[in-house]
Amino acid sequence: FLLTSALCHAEIQILDQVVAVVEDDVVLSSELRERLDSIKDSIQGRGLEQPPEDILIRETLDALILESIQLQLGKRAGVRISDAMLDSAMQRIAASNQLSLAEFRVAITEQGASYDVTRQQVLREMIIQRVQSGNVNRRIQITQQEITNFLDTDDGQRMIQPEYRIIQALLAISTEDSKAEKKKKQAYVNKLLNRISEGESFEDVVGGAVEYPFTGGDLGWRKLEDLPSIFVDLAPTLDPGETLKTTSPNGLHLVYMAESRGRKTIVDETKASHILIKISEIKTEKQAKRLLETIKSQAESGEEFSDLARQYSEDIGSASEGGSLGWIRSGQMVPEFENTMDSTRIGAISIPFKSQFGWHILKVDDRQEKDITDEMRRNKIAEFLHNRKYQEELDAWLQKIRDEAFVDIK
-15 FLLTSALCHA
-5 EIQILDQVVA
5 VVEDDVVLSS
15 ELRERLDSIK
25 DSIQGRGLEQ
35 PPEDILIRET
45 LDALILESIQ
55 LQLGKRAGVR
65 ISDAMLDSAM
75 QRIAASNQLS
85 LAEFRVAITE
95 QGASYDVTRQ
105 QVLREMIIQR
115 VQSGNVNRRI
125 QITQQEITNF
135 LDTDDGQRMI
145 QPEYRIIQAL
155 LAISTEDSKA
165 EKKKKQAYVN
175 KLLNRISEGE
185 SFEDVVGGAV
195 EYPFTGGDLG
205 WRKLEDLPSI
215 FVDLAPTLDP
225 GETLKTTSPN
235 GLHLVYMAES
245 RGRKTIVDET
255 KASHILIKIS
265 EIKTEKQAKR
275 LLETIKSQAE
285 SGEEFSDLAR
295 QYSEDIGSAS
305 EGGSLGWIRS
315 GQMVPEFENT
325 MDSTRIGAIS
335 IPFKSQFGWH
345 ILKVDDRQEK
355 DITDEMRRNK
365 IAEFLHNRKY
375 QEELDAWLQK
385 IRDEAFVDIK
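Numbering follows the numbering used here, in which position 282 of the sequence shown is assigned residue number 266; successive positions increment by one, without gaps.
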């Protein structure tokens, strides 16, 4: 017994130490060391001065404690990140480094790190991000009056100014060019412009221009006041995808409007109603379709579609409203619904069609074009104000959960 006991004790080794107890979890010295090494490598890689060791240790431990609290909150709230979502996140990280996922995995290994450990860290960050978002967003309320007040400021007005992304190609004309040479260059640019107007892409046409060298390129996103003066009057007149020719003291320009945002926005809307019949153990697809064909006949024979929707539709959200879905914009409905709606004339009832929700018929009540410019601008300001408040509220919430948590630093 004594020999066995001695052998057992001889095999016992202290592999790790607890540096902090955080609610129902612990922070281990190995976690602290790994995070410290990672932070030091990052600081060194950016050429920054290392802070004092005691400060670095304290701040790193505080960060690990706060992470532990949030992960435990996520666990209690039932936060789940699927493998598919985690895989997508890893692919986005790889793509941001101009690598495939396989190349990213090799790169991590070559740096002496573990892909599985990196994947687990990304999982932790995704859970924490979801916990933060769920708790902080509910603390932020942006009122319509706040939006209006900000719109009245200079910053607000600048924020809603339209922005343009112009790509330009310049064919220089010098004072030494003869009239014949200038005329030849004019004809050449006109020829390229005609090719673009006939459907060839701006990039292909300009990129393939070998007779004369072009300069220029993508100007990036710019507000009107930030554009070169020769484009200020042109930009508001160009629709995305449109190209025109202009001249300046420097030569001939082909000006291509790649994209624009913040300009007047008109959308198509359709006012529609529908009746949904769901598939179940007691109702087959064939029966659902046949029932809708009968309902359609009743409606076309004079019965009110709204009354039939209240009687038969299994869409809880719209049945009590007579099947009305209100005004619908492109992209708001599943493709099967939208395609059928777009091909149905005003006042007509569609044939039965299937979506992921079951079988439907729909009635198109009206169509309109709507100017949503002001709505889009107010949404942009609301998002800006929300983001501005988010960090402030996040800091306050993090301090609150840290103060309320049981933490015992060893």
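Cβ coordinates follow ideal geometry from the N, Cα and C atoms, glycine included. None of the values given here were measured: they were computed from a predicted structure.
Exercise for the section: Report, in whole angstroms, the separation of the C-beta atoms of R361 and E243, which I expect to be a contact under 8 Å. Expected result: Walking along the sequence shown from the start, residue 361 turns up at place 377. Walking along the sequence shown from the start, residue 243 turns up at place 259. Their Cβ separation, rounded to whole angstroms, is 17 Å, which puts R361 and E243 out of contact at 8 Å.
Practice task
Could you check which residue in R114, R247, L176 has the C-alpha nearest to that of V194?
Solution key: Position 210 of the sequence shown, counted from the start, is the residue given in the question as residue 194. Per the Cα distances, L176.
Problem - Which of helix, strand or coil DSSP assigns to M69 - result: Residue numbering aside, residue 69 sits at position 85 when the sequence shown is read from its first letter. The DSSP-derived three-state label of M69 is helix.
Practice task
With a threshold of 16 other CB atoms inside 10 Å of the CB of L(-13), please say whether the residue is buried or exposed.
Solution key: Taking the sequence shown and counting its residues from 1, one reaches residue -13 at position 3. Its pLDDT being 35, under 50, L(-13) is placed unreliably in this model, and the value from its coordinates should be taken loosely. When all chains shown are included, L(-13) counts as exposed.
Practice task
Kindly indicate the opening and closing residues of the beta strand (DSSP E) around G342.
Solution key: In the sequence shown, residue 342 corresponds to position 358, counting from 1. In the DSSP annotation of this structure, the continuous segment of the beta strand (DSSP E) that includes G342 starts and ends at 342 to 355.
Problem - Top-ranked residue by Cα proximity to S22, from P36, T44, D8 - result: Mapped onto the sequence shown, residue 22 falls at position 38. Looking at the Cα atoms, T44 is the closest of the given residues.
Handout entry: Distance, L203 Cα to F186 Cα
Key = Here residue 186 corresponds to residue number 202 of the sequence shown, with the count starting at 1. Here residue 203 corresponds to residue number 219 of the sequence shown, with the count starting at 1. Cα to Cα, the separation comes out at about 15 Å.
Exercise for the section: Could you tell me the boundaries of the alpha helix (DSSP H) in which L40 lies? Expected result: For the purposes of this step, residue 40 is taken as residue 56 along the sequence shown, with counting starting at 1. That run of the alpha helix (DSSP H) goes 37 to 61.
Exercise for the section: Can you tell me which of L292, I356, Q170 puts its alpha carbon nearest to the alpha carbon of I250? Expected result: Numbered from 1 along the sequence shown, position 266 holds the residue referred to as residue 250. Closest by C-alpha distance to I250, out of L292, I356, Q170, is I356.
Exercise for the section: Check each candidate in W205, S162, S264 and name the one with the smallest Cα separation from R245. Expected result: As a working mapping, residue 245 is identified with position 261 in the sequence shown. The shortest Cα separation from R245 among W205, S162, S264 belongs to W205.
Exercise for the section: Indicate the three-state DSSP secondary structure (helix, strand or coil) for Q(-3) in the structure shown. Expected result: Position 13 of the sequence shown, counted from the start, is the residue given in the question as residue -3. Its pLDDT being 45, under 50, Q(-3) is placed unreliably in this model, and the coordinates cannot settle the point.
Problem - Among L238, M317, V3, R294, nearest to A171 - alpha-carbon criterion - result: If you number the sequence shown from 1, residue 171 lands on position 187. Of L238, M317, V3, R294, the residue nearest in Cα terms is L238.
Practice task
Between the Cα of A219 and those of R386, K167, Y240, spot the shortest distance and give me the residue it belongs to.
Solution key: Along the sequence shown, one-based indexing puts residue 219 at 235. A219 has its Cα closest to that of Y240, out of R386, K167, Y240.
Exercise for the section: Please go through the same chain and pick out, in chain order, the residues whose beta-carbon is closer than 7 Å to the beta-carbon of I(-2), but skip the five residues on each side of it. Expected result: On the sequence shown, position 14 is the one that residue -2 refers to. Low per-residue confidence applies at I(-2): pLDDT is 47, beneath 50, and the placement is therefore not dependable, though the value from the model is reported in the following sentence. Sequence-distant partners of I(-2) (beyond 5 residues in either direction) whose C-beta falls short of 7 Å from its own C-beta are missing from its chain.
Problem - Candidates K169, E109, I151, of which the one nearest A74 by Cα - result: In the sequence shown, counting from the first residue as 1, residue 74 sits at position 90. Per the sequence presented here, residue 74 reads as Met, with Ala not at that position. Of the listed residues, the one whose Cα sits closest to M74 is E109.
Practice task
Taking 9 Å as the cut-off, decide whether the C-beta atoms of R123 and W343 are in contact.
Solution key: Indexing the sequence shown from 1 puts residue 123 at position 139. Indexing the sequence shown from 1 puts residue 343 at position 359. Taking 9 Å as the Cβ cut-off, R123 and W343 do not qualify as a contacting pair.
Practice task
For L83, I'd like the list of residues in its chain whose CB is within less than 8 Å of its CB, leaving aside the five on either flank, ordered along the chain.
Solution key: Within the sequence shown, residue 83 is the residue found at index 99, counting from 1. Taken in chain order, the residues that qualify are A91.
Problem - Contact between the stretch 35 to 52 and the stretch 6 to 16 (3+ Cβ pairs under 8 Å) - result: When Cβ pairs closer than 8 Å are counted between the two stretches, the stretch 35 to 52 is seen to touch the stretch 6 to 16, the count reaching three or more.
Problem - Own chain residues within Cβ distance below 6 Å of I214, not counting five before or after - result: Numbered from 1 along the sequence shown, position 230 holds the residue referred to as residue 214. Cβ within range, chain order: S232.
Exercise for the section: Could you spell out where the beta strand (DSSP E) holding D9 opens and where it closes? Expected result: Taking the sequence shown and counting its residues from 1, one reaches residue 9 at position 25. Its beta strand (DSSP E) spans residues 9 to 12.
Practice task
Select from R89, S162, I157 the residue whose C-alpha is nearest the C-alpha of N234.
Solution key: By one-based count along the sequence shown, residue 234 stands at place 250. Out of R89, S162, I157, the CA that lies nearest to the CA of N234 is found in I157.
Handout entry: Beta-carbon proximity list for E277, same chain, < 7 Å, skipping 5 on both sides
Key = Translated into positions along the sequence shown, residue 277 becomes position 293. P336, listed in sequence order.
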